[in-house]
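Chain order of the listed sequences is A and B. Residues 3 to 256 in the numbering used here are what the first sequence spells out, letter by letter. Residues 2 to 121 in the numbering used here are what the second sequence spells out, letter by letter. Here a beta-carbon is modelled for each residue, glycine too, at the ideal position from N, C-alpha and C. Written below as structure tokens is the structure these notes are about.
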Amino acid sequence: CTSLVAQDKTGDLFHARNLDFGLFLGWDVKNQTWALTERLRPLIINVEYQQGGKTVAKGVHFAGYIGVITGMKPGVLSLSMNERFQLEGGFIGIIEWIIGQRDGQWMGFVLRDAVVKATDFNSTLQYLTSVDLLAPGYIILGGNSSGEGAIITRSVGTKADNVKMLDPAHGTWYLVETNYDNWKNPPFFDDRRAPATKCMNTMSQANVGLKGIFNVLSTKPVRNLLTTYTALMHVRNGTLDTYLQYCPQPCFPW
Amino acid sequence: KAQEFPPFTEDCRTDAYPPPVNTKVGTYVLNLDQAPEDRWTGLVKPMADKMKIMIQDIKDLVGIFVNETKAINLVDELLAPLTDTFPEPYQGELRGIANATGIPLGEVVLYNIFYEVFTV
């Protein structure tokens with residue numbers, strides 16, 4: 003996955019993500035595609051959460067998956083979650099849950115609660131930094147006011163390994179997160195961060211907007227054979243647009 | 002770096018937006034005033050066949066690590082009762098999806114906790 007939060011020169015915030023999934027889950031030799039990725043694409047749907055006839059949140063779902071991994075509360079915040087691989091990953095959390103140790107919470111449910119119940123950026127940031135989780139992950143948060151953007155690097159339990167904030171006053175007008183700790187170099191065989199960073203810098207802050215960000219996320223290898231969709235979120239306008247993504251060959255497998 | 006070898010890396014795109022209209026994803030309204038058991042029905046019922054195929058793929062993956070029969074038993078016997086331990090409204094929503102699609106509850110649970118399974 004690749005997630006981006008960017009602020010334009012007027013202080014307006016945009017949040018977008020590529021959802022990549024299906025690595026090693028079946029390779030279709032004839033079509034040169036990942037089998038599970040192809041199965042997931044037709045299940046993608048935008049969901050508008052309504053209560054009392056009013057929209058309280060929006061999310062991108064795979065039909066039948068009730069948690070949120072991409073979502074927004076119009077006028078308040080947006081979030082996306084990228085997978086973090088750890089040996090002490092979610093599998094141990096599942097076993098603990100099954101044997102009755104149920105302090106932790108499930109990622110998709112936590113993020114759905116966070117979006118639907120959000121009142122402001124800071125309290126949600128604090129909640130997601132400390133909530134007890136069964137699995138690690140990178141939670142990317144965007145707000146509605148200048149400087150409201152963060153990458154929360156989460157471990158299992160209540161530990162946040164790192165929180166990196168947007169800091170436009172000091173030149174950090176965008177954040178990029180893929181699937182690796184942002185304070186370390188990504189592995190040589192999977193570096194989508196460098197191309198995304200290069201394209202963000204080429205685009206420049208003057209051109210931040212849905213068009214520019216979509217172009218960045220559509221550039222190979224940021225877009226790759228695992229990419230199922232690109233979601234574009236603009237909290238101030240309350241828009242969440244999702245587009246299916248395909249990556250015609252030649253295209254990197256991940 | 003592997004991805005920097007041509008032809009896998011492009012110059013930064015400037016022409017991808019707007020994307021083709023037929024790639025835009027539709028919207029489903031989830032009414033939180035409805036009972037949890039009913040609120041997803043309108044979405045999942047017409048998509049039941051696609052969901053079944055996808056969940057079978059996930060089960061096949063689990064079957065690589067334990068044998069296939071064991072995997073099916075594991076999913077049906079271990080994961081279905083797990084539903085009772087989830088907070089509401091998620092319990093009710095999972096049951097509603099299983100009822101609407103005819104997919105066994107354990108398999109619906111597996112699909113919904115697949116992130117936790119997959120991070121290993």
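Item	Value
Please list the partners that residue 104(A) has in chain B, where partner means a Cβ-to-Cβ separation under 8 Å.	86
Quick check on the burial criterion: 16 or more other C-beta atoms within 10 angstroms. Buried or exposed for residue 185(A)?	exposed
Can you find a heavy atom of the ligand GTP that lies under 7 Å from the Cβ of residue 102(A)?	The model depicted lacks the ligand GTP and carries no ligand whatsoever.
Cβ atoms of residue 59(A) and residue 74(A): under 8 Å apart, would you say?	yes
Could you tell me the boundaries of the beta strand (DSSP E) in which residue 187(A) lies?	No beta strand (DSSP E) contains residue 187(A), which DSSP labels as neither H nor E.
Under 8 Å between C-beta atoms, does residue 98(B) make it to chain A?	yes
Where does residue 86(B) fall in DSSP's three states?	helix
Using only CA atoms, which one of 4(A), 134(A), 12(A) lies nearest to residue 149(A)?	12(A)
If you measure between the beta carbons of residue 229(A) and residue 247(A), is that distance less than 8 Å?	yes
Do residue 4(A) and residue 219(A) have their C-beta atoms within less than 8 Å of each other?	yes
For residue 7(A), name the three-state secondary structure that DSSP assigns.	strand
For residue 1(A), report the span of its beta strand (DSSP E) as first-last.	Outside the displayed span of chain A (3 to 256) sits residue 1(A), for which this structure offers no information.
Give the straight-line distance between the Cα atoms of residue 27(A) and residue 62(B), rounded to the nearest whole angstrom.	7 Å
Suppose you measure from the CA of residue 197(A) to the CA of residue 82(B); what does that come to, to the nearest Å?	45 Å
Between 114(B), 105(B), 98(B), which has its C-alpha nearest residue 48(B)'s C-alpha?	98(B)
Just to check my reading of the structure: residue 157(A) and residue 188(A) have Cβ atoms closer than 8 Å, yes? What is that Cβ distance to the nearest angstrom?	The pair is not a contact, with the Cβ atoms about 18 Å apart (cut-off 8 Å).
By alpha-carbon positions, which one of 112(B), 104(B), 113(B), 36(B) ends up nearest to residue 50(B)?	104(B)
Do you know whose CA, among 49(A), 231(A), 212(A), 88(A), lies nearest residue 181(A)'s CA?	88(A)
I'd like to know whether the C-beta of residue 200(A) is nearer than 8 Å to at least one C-beta of chain B.	yes
Suppose you measure from the CA of residue 119(A) to the CA of residue 57(B); what does that come to, to the nearest Å?	34 Å
In terms of DSSP beta bridges, what is residue 229(A) paired with?	22(A)
Closest to residue 23(B) by CA distance: which of 44(A), 33(A), 31(A) is it?	44(A)
Quick one: list the residues of chain B neighbouring residue 99(A), beta-carbon separation under 8 Å, in chain order.	83, 86
Let me see if you follow: with CB-CB separation under 8 Å, is residue 109(A) close to chain B or not?	yes
Is there a Cβ of chain E sitting closer than 8 Å to that of residue 41(A), yes or no?	Within the model displayed, chain E is absent; protein chains A and B are what it includes.
Going by alpha carbons, who is nearest to residue 86(A) out of 30(A), 155(A), 48(A), 113(A)?	155(A)
Please tell me whether residue 49(A) has its Cβ less than 8 Å away from any Cβ of chain B.	yes
Judging by CA-CA distance, which residue of 36(A), 72(A), 90(A) is the nearest neighbour of residue 48(A)?	72(A)
Roughly how many angstroms lie between the CA atoms of residue 100(A) and residue 224(A), to the nearest whole one?	37 Å
Entirely within the segment 195-222 of chain A and at least 4 residues each: give me those alpha helix (DSSP H) ranges in chain order.	195-205, 212-219
Quick check on DSSP: helix, strand or coil for residue 99(B)?	helix
Per DSSP, residue 98(A) is paired with what?	DSSP output for residue 98(A) lists no bridge partner at all.
Can you tell me the Cα-Cα spacing of residue 170(A) and residue 236(A), whole angstroms?	18 Å
Name, going along the chain, the residues of the segment 25-53 of chain B whose beta-carbon falls closer than 8 Å to a beta-carbon of chain A.	25, 26, 27, 28, 29, 30, 31, 32, 33, 34, 41, 44, 45, 48, 51, 52
From the DSSP output, read off the bridge partner residues of residue 30(A).	35(A)
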